[in-house]
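**Q** In my numbering, the protein residues as written are 306 to 435.
Here you go, one structure.
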């Protein structure tokens, strides 16, 4: 958990810190039963070892990603992965975060899950968990 605080505090841009703190706060509250840690260098939340959501600093802004988001049927999650079921949105200001939308997506991330945890074991084939 402190790793995520360190990740946020080490961001150079104050706007990025505000965005990440807001995302972390809403995610922690909405998915309070999950495990969270730095994974591949970025904050990620897991349900039973399966990655659900996370965020990272990229050139376009702060990217909020949902590993199974392509199946959420959410227009705002418009950045789709090419190989898997992920979908993302970018933020450049804390004011762009719509908490109602974010909470709905977090709820869907619990209800709609693809099994990324066993992706390597299944040789790159995703199976639906929920």
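All C-beta atoms in this analysis are idealised placements derived from N, C-alpha and C, irrespective of residue type, glycine included.
From residue 403 to residue 328, what distance separates their C-alpha atoms?
**A** The residue labelled residue 403 in the question sits at position 98 within the chain shown. The residue labelled residue 328 in the question sits at position 23 within the chain shown. Cα to Cα, the separation comes out at about 10 Å.
**Q** One question on the structure: do residue 407 and residue 418 come within less than 8 Å of each other, judged by their Cβ atoms?
**A** Residue mapping note: residue 407 aligns to position 102 of the chain shown, counting from 1. Residue mapping note: residue 418 aligns to position 113 of the chain shown, counting from 1. Taking 8 Å as the Cβ cut-off, residue 407 and residue 418 do not qualify as a contacting pair.
**Q** Mind checking which residues open and close the beta strand (DSSP E) that includes residue 362?
**A** Counting from 1 along the chain shown, the entry for residue 362 is found at position 57. Its beta strand (DSSP E) spans residues 355-363.
**Q** Does the separation of the CB atoms of residue 348 and residue 312 fall below 8 Å?
**A** Here residue 348 refers to the residue found at position 43 of the chain shown. Here residue 312 refers to the residue found at position 7 of the chain shown. Cβ atoms of residue 348 and residue 312: closer than 8 Å.
**Q** Counting only runs of 4+ residues fully inside the stretch 342-427, write out the alpha helix (DSSP H) ranges in chain order.
**A** The qualifying runs are 404-416.
**Q** DSSP three-state call for residue 319: helix, strand or coil?
**A** Here the question's residue 319 lines up with position 14 in the chain shown. Helix, per DSSP.
**Q** Would a C-beta distance cut-off of 8 Å place residue 323 and residue 399 closer than the cut-off?
**A** Taking the first residue of the chain shown as 1, we reach residue 323 at position 18. Taking the first residue of the chain shown as 1, we reach residue 399 at position 94. Closer than 8 Å, so yes.
**Q** I need the boundaries of the alpha helix (DSSP H) containing residue 314, first residue and last residue.
**A** By one-based count along the chain shown, residue 314 stands at place 9. Where residue 314 is concerned, the enclosing alpha helix (DSSP H) stretches over 307-314.
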